[in-house]
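**Q**
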Amino acid sequence: MSNRKKYESKGTLDLINLFQDLTYPDRDNAFHAIVYRFRQDVLNHCEIRCRRFGQSPEVAEEVVIGVFQSYAKKPGFDITRAKGKTDDHSFLIYLLGIARTVLTDIYRVQKRKKEGKWSDGSETIVTCLPALPKNASLKNKVVHQVLSELPYSHQVIFMTYKSYENAGCNLPRKLLNELREHLGIEQVTIRSYKKEALDKIEIALKGIRILEAVENGN
349 MSNRKKYESK GTLDLINLFQ DLTYPDRDNA FHAIVYRFRQ DVLNHCEIRC RRFGQSPEVA
409 EEVVIGVFQS YAKKPGFDIT RAKGKTDDHS FLIYLLGIAR TVLTDIYRVQ KRKKEGKWSD
469 GSETIVTCLP ALPKNASLKN KVVHQVLSEL PYSHQVIFMT YKSYENAGCN LPRKLLNELR
529 EHLGIEQVTI RSYKKEALDK IEIALKGIRI LEAVENGN
């Protein structure tokens, strides 16, 4: 039996105790088993709440990720204070409490974005092109390929704007200053390089659209 399977067969409270023991050498496998066991239940709940508040399924997924990230950083479940009918029910209630906090935080960020006040000062420039997921769409593959062929300065500018820029909002002044200092260029050059990157990507994507139209007989 593999380590992962071994942990999946353990009781919930055993898994929690193992993971919350900071000296335990195999905490990762215990954590993965917890996520495997409770992820779908948390997601189902989050999807219902998100629909109720006009949020998309993608936000529900984001909340679930935030729930387990939060628990991983600060595992504080205490069975003696639990209110559920079973260990599983008690832990699910605990996770859903985290979910409410995460969803509230996401809503506050969305509100700040709408008001143009989304920056919290923690933003940093993006200097590395992220690895392409194995299941990436054709569009994402093309964008990734175009970016990989652009100069470093263009990559950094595009990825930083892509990561942080919101509709109707400019990048925070602090981030713009960091970008200029890191690349050793002026703001007018940054705008020019950003446009060049966007133009290259648009040309490549237009080529895909033309090919798709030909294949579909349009």
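First residue of the sequence shown? That's 349 in this note's numbering, and the numbers climb one at a time after it.
In this text, a Cβ means the ideal position worked out from N, Cα and C, and glycines have one as well.
1. Would DSSP call P405 helix, strand or coil?
2. Short check: CB of I538 to CB of V491, under 8 Å?
3. Ignoring anything shorter than 4 residues, give me the alpha helix (DSSP H) runs that lie fully in the segment 423 to 495, in order along the chain.
4. Taking the alpha-carbon positions, what's the C476 to V504 distance?
5. Ignore the nearest five residues each way along the sequence and tell me which others in L391's own chain have a CB closer than 8 Å to its CB.
6. What is the C-beta distance between A447 and C394, in whole angstroms, given that I count them as a contact (C-beta under 8 Å)?
7. Using the three-state DSSP reduction, which class does L366 fall into: helix, strand or coil?
8. Just tell me which of Q493, T508, Y541, S540 has its CA closest to the CA of E526.
9. Below 8 Å, how does it come out for the segment 370 to 384 and the segment 424 to 433: are there three or more Cβ pairs, yes or no?
10. Which term fits P457, buried or exposed, when burial requires 16 or more other beta carbons within 10 angstroms of its beta carbon?
11. Anyone know if the C-beta pair for Y512 and L523 falls short of 8 Å?
12. In this structure, does DSSP put G516 in helix, strand or coil?
13. Measure the beta-carbon distance from I364 to F439 and round it to whole angstroms, keeping in mind my assumption that it falls under 8 Å.
**A** Inspection of the coordinates gives the following:
1. helix
2. no
3. 435 to 462
4. 7 Å
5. A408, E409, V412
6. 6 Å
7. helix
8. T508
9. no
10. Per the sequence shown, the amino acid found at residue 457 is Val instead of Pro. Per the 10 Å Cβ criterion, exposed.
11. yes
12. Because the pLDDT of G516 is 46, which lies under 50, any placement of that residue in the model is unreliable, and the number read from its coordinates should be weighed accordingly. It is coil, neither helix nor strand.
13. 7 Å
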